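Add 1 to the 1-based position in the sequence shown for our numbering, that's all there is to it.
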Amino acid sequence: MPDHELLIVLDFGGQYNQLIARRVRDEGVYCEVLPYTTPLEKLMERSPKGFILTGGPNSVNAPTAPRCPAELFSLGVPVLGICYGAQLIAATLGGRVLSDEKSEYGAVEMTLIEPGARDGRLFTGVDAVSTCWMSHNDRVAELPEGFCATARTARCANAAFEDRARGLYAVQFHPEVLHTVFGRQILKNFVYAVCGFSGDWRMSGFVRDSIARLREKIGDKKALCALSGGVDSTVAAVLLHRAIGKRLTCIFVDNGLLRKGEADSVEAMCKGQFEMNFVRVDAADRFLSRLAGVTEPERKRKIIGEEFIRVVEEAAKRIGQVDFLVQGTIYPDVIESGLGDSAVIKSHHNVGGLPKDVGFSEIIEPLRLLFKDEVRRAGLELGIPEEIVWRQPFPGPGLSVRVLGDVTEEKLATLREADAIFREEIANAGIARDISQYFAVLTNLKTVGVKGDERSYESVVALRAVKTDDFMTADFSRVPYEVLAKASSRIVNEVPRVNRVVYDITAKPPATIEWE
Ligand code: XMP
């Protein structure tokens, strides 16, 4: 992203690191998260206007503690150290960090230290006493020369400190976490008042620049995109389409495991609204016959993943030579933790993607630097309808992991109807955006009920709705009883072969979001 001013978030492995980057971008400042091991020359090649050093799980006193070169602090580029980053600044420049197990965790009252805090720029607009979010064991006991303390808490005398002359700032607390009441203000002060960013990072600019760059890169060659109908691949496809028009072919595989109306709405958007070169492959029979009798969830995933690749390869052959394969990879999949572990993605979550060696010359990932909310903003910028931009995540193996046990056409039809009713009632209640993911599951359980005057012995449908930021942990959504009641009553009345509806009230962990 060479056309933009850049802030570098140097990643030391903390749990909130992506959040720091998102907050900075929310201020209109472009930033990238890079591992702390990135050589200094590489960092400086990018001409950053500021650095943020993140938190991390280590103690700076440990012999193997991750560090950054001391030169980073004398480049004249402002640095903000957060938590571990603050301790690292102190330890590197001659201060003292103690590991005395005086840990401090959670929302804590913080008091600014006058006059230091008022003389500097980091705490402009911050109340003298406010709540901050702490999560640390070690503490900075002695400041390096040239620093003054600017905030304290009951257990931490140096909750914030700075050396304005050198442009070095440190906060023991986490300004990126919403519990830090003035956190946003502090980050804003750092990027604008301290670093002097102009705040010119806008989605419209990103979209415009990406289109120009893609056009130049692809020239008059051809690209292929395997469209799933999900937000990421749709935005990637529309972006590419803007760049190279009909030289992009989108292959959409209808595997027979999609939600009600989904395949048709994807087709309508791509062909109707965007006039894309769109190939729909109706492969439901192939998928269902391979799934026949299969009950084990991981086996289902594997079969669907393999079949998907086969179908796309066959369709691609019919199209002829393509030079680029477009993928909807987004930034959270790309960021590697500062500690060298790759991002935590369950292997099965890659189902629905293509392997990187299917014979295309190059992979293009136009969204690889965007967070999910930015992908949605890019989507809106490109004119993609809101209902698609705000679509909830849908697993690659589709409804096959929501029909528990073996998958048949009849069960899929039952689930599709129940799911559509639940989605409709959530939409009618106007609460869709408050829930991260919601769907129906067809259990393989039958229970006794009474319909009219007759005994019935039919299926149980479970409803699941969760709220989550990262899909790694989640809580069940408190969907109002009236909405559940309406959905339940409609499902048992309108969907054949269902006589009971239950609501899943488990958090993740220990449950997962999907039932299989
Ligand atoms: P779990 O069930 O692991 O799901 O709590 C977390 C998120 O991942 C989605 N998910 C999948 N996505 N292929 C995918 O592309 C899969 O096999 C898969 N399994 C789960 C799930 O819908 C939720 O958003």
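Every residue, glycine too, gets a C-beta built ideally from N, C-alpha and C.
Quantities reported herein were computed from a predicted structural model and do not represent experimental measurements.
Could you check how far apart the C-beta atoms of residue 176 and residue 184 are, in whole angstroms? I think they sit under 8 Å.
-> Looking up residue 176 in the sequence shown gives position 175. Looking up residue 184 in the sequence shown gives position 183. Residue 176 to residue 184, Cβ: 4 Å. Contact.
What did DSSP end up calling residue 261 once you bin it into helix, strand or coil?
-> One-based indexing of the sequence shown puts residue 261 at position 260. Three-state result, residue 261: coil.
Going by CA-CA distance only, name the one from 25, 236, 170 and 132 that's closest to residue 147.
-> On the sequence shown, position 146 is the one that residue 147 refers to. The option with the nearest alpha carbon to residue 147 is 170.
Any non-hydrogen atom of the ligand XMP closer than 7 Å to residue 514 Cβ = Reading the sequence shown from its first residue, position 513 is the one you call residue 514. Yes; taking the cut-off as 7 Å, the Cβ of residue 514 has a heavy atom of the ligand XMP nearer than that.
Is it buried or exposed for residue 458, if we count other Cβ within 10 angstroms and need 16 for buried?
-> In the sequence shown, residue 458 corresponds to position 457, counting from 1. Exposed, because fewer than 16 other Cβ atoms sit within 10 Å of the Cβ of residue 458.
Could you give the DSSP three-state label for residue 112: helix, strand or coil?
-> As a first step, residue 112 must be located in the sequence shown, where it is residue number 111. Looking at residue 112 - three-state DSSP - the assignment turns out to be strand.
So what does DSSP say about residue 383, is it helix, strand or coil?
-> Position 382 of the sequence shown, counted from the first residue, corresponds to residue 383. Coil.
What runs of the beta strand (DSSP E), each 3 residues or longer, lie entirely inside the stretch 145-198?
-> 149-153, 161-164 and 169-172
Are the Cβ atoms of residue 57 and residue 124 separated by less than 8 Å?
-> In the sequence shown, residue 57 corresponds to position 56, counting from 1. In the sequence shown, residue 124 corresponds to position 123, counting from 1. For residue 57 and residue 124, no; Cβs fall outside 8 Å.
Proximity of residue 41 and residue 72 at Cβ, strictly below 8 Å | Taking the first residue of the sequence shown as 1, we reach residue 41 at position 40. Taking the first residue of the sequence shown as 1, we reach residue 72 at position 71. Cβ atoms of residue 41 and residue 72: closer than 8 Å.
Member of 35, 59, 499 and 61 whose CA lies at the smallest distance from the CA of residue 535 = This structure does not reach residue 535, given that the chain is present from 2 up to 517, and the question cannot be answered.
Rounded to whole angstroms, what's the CA-CA distance from residue 489 to residue 511? Just pull it up for me.
-> Taking the first residue of the sequence shown as 1, we reach residue 489 at position 488. Taking the first residue of the sequence shown as 1, we reach residue 511 at position 510. Spanning the two alpha carbons is a distance of roughly 26 Å.
For residue 513, is the classification buried or exposed, using 16 other Cβ atoms within 10 angstroms of its Cβ as the cut-off for buried?
-> The residue labelled residue 513 in the question sits at position 512 within the sequence shown. Residue 513 is exposed by the Cβ-count criterion.
Same chain only: Cβ atoms within 6 Å of residue 491, ignoring 5 sequence neighbours per side = In the sequence shown, counting from the first residue as 1, residue 491 sits at position 490. Contacts found: 422.
Should residue 229 be labelled buried (16 or more other beta-carbon atoms within 10 Å of its own) or exposed?
-> Walking along the sequence shown from the start, residue 229 turns up at place 228. Counting Cβ neighbours within 10 Å, residue 229 comes out buried, since at least 16 surround it.
Proximity to residue 439 [Cα-Cα], best of 450, 449, 445 and 426 | The sequence position of residue 439 within the sequence shown is 438, counting from 1. With distances taken between Cα atoms, residue 439 lies closest to 426.
Backbone CA spacing between residue 353 and residue 114 [nearest angstrom] = Taking the first residue of the sequence shown as 1, we reach residue 353 at position 352. Taking the first residue of the sequence shown as 1, we reach residue 114 at position 113. The predicted model places residue 353 with a pLDDT of 46, which falls under 50 and marks its position as unreliable; any figure quoted below should be read in that light. So the two alpha carbons sit approximately 54 Å from each other.
Per DSSP, residue 134 is paired with what?
-> As a working note, residue 134 is residue 133 in the sequence shown. 108, per the DSSP bridge assignment.
Roughly how far, in whole angstroms, is the beta-carbon of residue 122 from the beta-carbon of residue 194, given that I think they are within contact range, below 8 Å?
-> Numbered from its first residue, the sequence shown carries residue 122 at position 121. Numbered from its first residue, the sequence shown carries residue 194 at position 193. Going by Cβ atoms, the distance from residue 122 to residue 194 rounds to 4 Å, so yes, they are a contact pair.
Going by the beta-carbon positions, is the gap between residue 404 and residue 200 smaller than 8 Å?
-> Taking the first residue of the sequence shown as position 1, residue 404 is located at position 403. Taking the first residue of the sequence shown as position 1, residue 200 is located at position 199. No. Outside cutoff.
Using three-state DSSP, classify residue 227 as helix, strand or coil.
-> The sequence position of residue 227 within the sequence shown is 226, counting from 1. In this structure, residue 227 counts as strand in the three-state DSSP scheme.
Return helix, strand or coil for residue 71, following the three-state DSSP convention.
-> Mapped onto the sequence shown, residue 71 falls at position 70. Three-state DSSP puts residue 71 in a helix.
Looking at the structure shown, is residue 60 part of a helix, part of a strand, or coil, going by DSSP?
-> Within the sequence shown, residue 60 is the residue found at index 59, counting from 1. DSSP places residue 60 in coil when its eight states are reduced to three.
Give me the Cα-Cα distance between residue 373 and residue 481, rounded to the nearest whole angstrom.
-> Here residue 373 corresponds to residue number 372 of the sequence shown, with the count starting at 1. Here residue 481 corresponds to residue number 480 of the sequence shown, with the count starting at 1. The alpha-carbon atoms of residue 373 and residue 481 are separated by roughly 27 Å.
State yes or no: is the C-beta of residue 472 nearer than 7 Å to some heavy atom of the ligand XMP?
-> The count along the sequence shown starts at 1 and reaches residue 472 at position 471. Checking the Cβ of residue 472 against the ligand XMP gives yes.
By how many angstroms is the C-alpha of residue 137 removed from the C-alpha of residue 325?
-> For the purposes of this step, residue 325 is taken as residue 324 along the sequence shown, with counting starting at 1. For the purposes of this step, residue 137 is taken as residue 136 along the sequence shown, with counting starting at 1. Rounded to whole angstroms, residue 325 to residue 137 spans 47 Å at the Cα level.
Taking Cβ positions, are residue 173 and residue 190 nearer each other than 8 Å?
-> What you label residue 173 is simply residue 172 of the sequence shown in a count that begins at 1. What you label residue 190 is simply residue 189 of the sequence shown in a count that begins at 1. No.
Give the DSSP-derived three-state secondary structure of residue 518 in the structure shown.
-> As shown, the chain starts at 2 and ends at 517. That puts residue 518 outside it, with no answer to give.
Determine the direct distance from the alpha carbon of residue 254 to that of residue 483, and round the result to whole angstroms.
-> Numbered from its first residue, the sequence shown carries residue 483 at position 482. Numbered from its first residue, the sequence shown carries residue 254 at position 253. Each residue's Cα considered, the two are about 37 Å apart.
Nearest to residue 452 (by Cα), restricted to the options 469, 10 and 499 = The residue you call residue 452 lines up with position 451 of the sequence shown. Nearest option by C-alpha distance: 499.
Assign residue 79 to one of two classes, buried (16 or more other C-beta atoms within 10 Å of its C-beta) or exposed (fewer than that).
-> For the purposes of this step, residue 79 is taken as residue 78 along the sequence shown, with counting starting at 1. Result: buried.
Kindly confirm or deny that the stretch 227-243 and the stretch 363-381 touch, where touching means at least three C-beta pairs closer than 8 Å.
-> yes
Whole-angstrom distance between residue 119 and residue 28, CA atom to CA atom = On the sequence shown, residue 28 is found 27 positions in, with the first residue counted as 1. On the sequence shown, residue 119 is found 118 positions in, with the first residue counted as 1. Straight-line Cα distance between these residues: approximately 23 Å.
Which of helix, strand or coil does DSSP assign to residue 82?
-> To locate residue 82, count along the sequence shown from 1; it is residue 81. Strand.
Those residues which DSSP pairs with residue 32 across a bridge = The count along the sequence shown starts at 1 and reaches residue 32 at position 31. According to DSSP, residue 32 bridges with 8.
Do residue 188 and residue 369 have their CB atoms nearer than 8 Å?
-> The sequence position of residue 188 within the sequence shown is 187, counting from 1. The sequence position of residue 369 within the sequence shown is 368, counting from 1. Not a contact, by the Cβ cut-off of 8 Å.
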